[in-house]
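Okay, so here's the structure we're looking at.
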Amino acid sequence: MTADESGATPRGADAEGEAVGEASAGDPAGDPAQSDDGPDAAAGANGEEQGESNGGSNGENNIAVKLEQLILGAERRYTPFQAARSAGVSMDLAARFWRAMGFADIGQVKALTEADVLALRRLAGLVEAGLLSEAMAVQVARSTGQTTARLADWQIDSFLEGLTEPQDSGLTRTEITYPLVELLLPELEEFLVYVWRRQLAAATGRVVQAQDDAEMVDRRLSVGFADLVGFTRLTRRLEEEELGELVEAFETTAADLVAAHGGRLIKTLGDEVLFAADDAGVAAEIGLRLIETMGHDETMPELRVGIAFGTVTTRMGDVFGTTVNLASRLTSIAPKDTVLVDEAFAVELGRTGDAPVSEADAAAAEKAAQEGTGSPPPPYRFALQPMWQRPVRGLGVVEPWMLTRRG
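Here the sequence shown is numbered in this note's numbering, starting from 59 and rising by one per residue.
The following block contains the structure:
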């Protein structure tokens, strides 16, 4: 979809624009059957016709078109100009939405469907109703597009590819794909909506619990990175398939542990995962569990974890700020199979009673309790050992603390 700042018809689509402009009120999009005269349209909209002269590729083209129609639930009817016109939005805004969702410019190829028109109309309607600003609507389109793009890639690369291996029936993968997608599509769609609603409910609950409006955006969180040690060397030594299996096992294990203990997986970066938790004790438990679990897996390299506590800015499901940068730096200097935390995180564990503020005071309290001259100390879960002070690039001098289990 190509934008034009004036909202006029893009170059190469003048004939199309005139036809649209002359359309009757009952058909604002013009004649959907009308073809574009440009070369792009010939290559795209009429791909099925051209396929007839391409020998063996015709069957594959037809199946691709049928799969697209099955998944989208509609046939190609509109050029971008016609879709924008039918939705009642400018070409500029339609192009911004389209790009934000992660789709490439397509010129004036007749490639859009009724669903595309409806999506434009809905986003524009939210802006017109004052529920979203135009910038926020674009951000909604971008966040949704980025998230679902990764999901779709994973499903095709990992899920469907595994299920469409050639069977004993003699059918090819291409021939098996259509009926398989036809069966899976409604189930996957329902499941996607269910998970989204669950995640939306959880996120809304966290926002409602915020004490004020500022805290809804800039919140105090525990942020942690877990990083595989020596991953670059592994990439040279392992075959691509082995490396992919290792990364998938790492990401799966990390995601399960983070979720099971009440944290949130922010993103995965191959050899590294970023997680967050509202409670410092939860983050500490996740960090140690990651080290312990990976340490018992002989196929996994060593792991190191860095956690920091402080103000964090959240945008589009990601986290930003000095606290995040500090957690990343702590991870890079952590010894193998250890968890390093910053001073603010150590103080927060002491405040919540998850770790003693002072090991000396805790030892004295334990001795007094044994002698019957004092009350027993709280059942601390974690121990903190101050490490060497050292300068950290961009953050000044920091004093890391090594986090371990108490006892």
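No residue lacks a Cβ here, since even glycine has one placed at the ideal position from N, Cα and C.
Quantities reported herein were computed from a predicted structural model and do not represent experimental measurements.
Please name the residue, chosen from the options, that lies closest to residue i on a Cα-to-Cα basis.
i	options	result
threonine 369	Trp446, Arg362, Phe378 and Asp163	Phe378
threonine 326	Met460, Glu297, Asp376 and Glu350	Asp376
valine 253	Leu209, Ala334 and Arg277	Leu209
phenylalanine 289	Lys394, Leu250, Ser201 and Arg134	Lys394
glutamate 406	Ala441, Ser386, Lys425 and Arg387	Ala441
aspartate 337	Glu457, Thr351, Val316 and Glu330	Val316
leucine 296	Ala318, Asp419, Asp314 and Pro359	Pro359
alanine 312	Thr351, Val281 and Thr235	Thr351
phenylalanine 367	Leu384, Gly353 and Met374	Leu384
serine 191	Gly203, Leu151, Ala162 and Asp215	Leu151
glutamine 140	Leu125, His354, Ile129 and Lys168	Lys168
alanine 260	Arg322, Leu279, Pro436 and Pro244	Arg322
valine 147	Leu178, Ile129, Gln127 and Asp163	Leu178
arginine 409	Gly452, Trp212, Ala421 and Pro436	Pro436
proline 434	Asp419, Gln443 and Ala195	Asp419
leucine 176	Ala162, Glu401, Ser280 and Ala145	Ala145
glutamate 343	Ala318, Pro449, Gly353 and Val331	Ala318
Grouping DSSP H, G and I as helix and E and B as strand, with all else coil, what is residue i?
i	result
tyrosine 136	strand
proline 436	coil
lysine 325	strand
threonine 380	helix
alanine 413	coil
glutamate 356	coil
arginine 256	helix
proline 244	helix
phenylalanine 403	helix
tryptophan 446	coil
glycine 183	helix
Taking just the CA atoms, how far does residue j sit from residue i?
i	j	result
threonine 372	leucine 189	21 angstroms
threonine 357	glycine 345	19 angstroms
aspartate 285	glycine 165	43 angstroms
threonine 293	alanine 423	50 angstroms
tyrosine 468	proline 414	With the chain covering 59 to 465 only, the question about residue 468 has no answer from this structure.
glutamate 298	leucine 304	10 angstroms
glycine 84	threonine 137	Caution applies to glycine 84, whose pLDDT of 36 falls short of 50 and renders its modelled position unreliable; the model cannot decide the point.
arginine 403	isoleucine 365	The residue you asked about is not arginine; residue 403 is phenylalanine in the sequence shown. Looking at the two C-alpha atoms, the distance is approximately 7 angstroms.
isoleucine 121	alanine 142	28 angstroms
arginine 463	serine 416	15 angstroms
glutamate 248	aspartate 174	20 angstroms
asparagine 112	leucine 388	Only weak support is given to the placement of asparagine 112: the predicted model assigns it a pLDDT of 44, under 50, and the value that follows is read from those uncertain coordinates. Going by the C-alpha atoms only, they are around 58 angstroms apart.
glycine 328	glutamine 447	30 angstroms
valine 251	glycine 465	45 angstroms
valine 287	leucine 241	42 angstroms
glycine 320	threonine 380	23 angstroms
valine 123	alanine 187	36 angstroms
glycine 214	valine 397	According to the sequence shown, residue 214 is isoleucine rather than glycine. Taking the straight line joining both Cα atoms gives about 36 angstroms.
aspartate 355	glutamine 204	32 angstroms
leucine 243	arginine 256	20 angstroms
aspartate 89	glutamate 172	Residue confidence for aspartate 89 is low, a pLDDT of 42 falling below 50, so the modelled location carries little weight; the figure read from the coordinates is stated next. If you take the alpha carbons of aspartate 89 and glutamate 172, they lie about 14 angstroms apart.
leucine 125	tryptophan 212	18 angstroms
Quick test of your reading: residue i and residue j, contact by CB under 8 angstroms. State the CB separation rounded to the nearest angstrom.
i	j	result
aspartate 412	glycine 302	About 37 angstroms separates the two Cβ atoms, so there is no contact after all.
arginine 134	leucine 170	7 angstroms
glutamate 160	alanine 207	In the sequence under discussion, the amino acid at residue 160 is glycine, which differs from the glutamate named in the question. Indeed, because the Cβ distance is near 5 angstroms, the residues count as touching under 8 angstroms.
leucine 461	valine 399	5 angstroms
valine 363	alanine 392	7 angstroms
glycine 263	phenylalanine 333	About 18 angstroms separates the two Cβ atoms, so there is no contact after all.
Problem - Touch test, the region 176-193 against the region 146-165, Cβ-Cβ under 8 angstroms, three pairs minimum - result: By the C-beta criterion, the region 176-193 is judged to be in contact with the region 146-165, since at least 3 inter-stretch pairs fall below 8 angstroms.
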